[in-house]
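Below you'll find the structure, written out as structure tokens, and then a few comments.
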Amino acid sequence: MIGEKNEGTELCERDAIERVQKGDWTGMARLYDWYRPRVYSLCLRYTRNASDADDLTQDVFIQVFRKAYTFRGDAEFTSWLYAVTLNFVRLHARQTRRRSGVFEVDEGERRLYSIKSRACNPIQRVALAQALRDLTPVRRMTLVLHDIQGLTHNEIAVRTGVTVIASKSRLHRAHMALRRALGGR
Numbered sequence: 000m001i002g003e004k005n006e007g008t009e010l011c012e013r014d015a016i017e018r019v020q021k022g023d024w025t026g027m028a029r030l031y032d033w034y035r036p037r038v039y040s041l042c043l044r045y046t047r048n049a050s051d052a053d054d055l056t057q058d059v060f061i062q063v064f065r066k067a068y069t070f071r072g073d074a075e076f077t078s079w080l081y082a083v084t085l086n087f088v089r090l091h092a093r094q095t096r097r098r099s100g101v102f103e104v105d106e107g108e109r110r111l112y113s114i115k116s117r118a119c120n121p122i123q124r125v126a127l128a129q130a131l132r133d134l135t136p137v138r139r140m141t142l143v144l145h146d147i148q149g150l151t152h153n154e155i156a157v158r159t160g161v162t163v164i165a166s167k168s169r170l171h172r173a174h175m176a177l178r179r180a181l182g183g184r
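Those letters in the sequence shown? Residues 0 to 184, per numbering that gives the first Met the number 0, in order.
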């Protein structure tokens, strides 16, 4: 999760969120101080570029402060913050791919590749790497969150803002695409 919680921090968090929703800068400063390292870490994990991660972190918090009124409290604030962060990371990835025409594999995919490569010959490793690159970003992310990071479909749904059924469907389609790309192996 994005932040560690206990009863005291949850009350402080709720107070800070209410302050942000009223436009109070002290609440914004608190949330930024508490969650900036986690948001930055998440952005860095996906971009692997400190400058881009810094920019994305700033963009995320600007959006959080701008859209704080939309946070209803139905879910954890950290889940909402994680979803906002992932949306900015996805947007950045799309824009980067359009500009460069290249897609880079993230750390979770590297670990999947590493795990699979121990059991594969070099030709199979290349085929697997290509198959992972060919997955849509949404399917690739779902596969990494579930198969590598070990999240449940409920956790994936909360973090990405989709339904549990959509998460299961994306994972199934990712697995099927990998099977097809690897010739049913």
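We treat Cβ as the ideally placed atom computed from N, Cα and C, and that holds for glycine.
- Between R158 and Y81, the beta carbon gap of about 5 Å places them in contact (Cβ cut-off 8 Å).
- For R37, the secondary structure class from DSSP, reduced to helix, strand or coil, is helix.
- Under the Cβ criterion (8 Å, minimum of three pairs), the stretch 162-169 does not count as touching the stretch 78-97.
- Short of 6 Å from the beta carbon of V38, and not among the five residues preceding or following it, lie these beta carbons of its own chain, in chain order: T56, V59, T84.
- Counted as a single uninterrupted DSSP element, the stretch harbouring H145 is not any alpha helix (DSSP H), since DSSP gives it neither H nor E.
- For T159, the uninterrupted alpha helix (DSSP H) run begins and ends at 152-159, by DSSP.
- In its chain, beyond the 5 residues on either side, A52 have a beta carbon closer than 6 Å to the beta carbon of T46.
- For T162, the secondary structure class from DSSP, reduced to helix, strand or coil, is coil.
- For A49, the enclosing alpha helix (DSSP H) begins and ends at 49-65.
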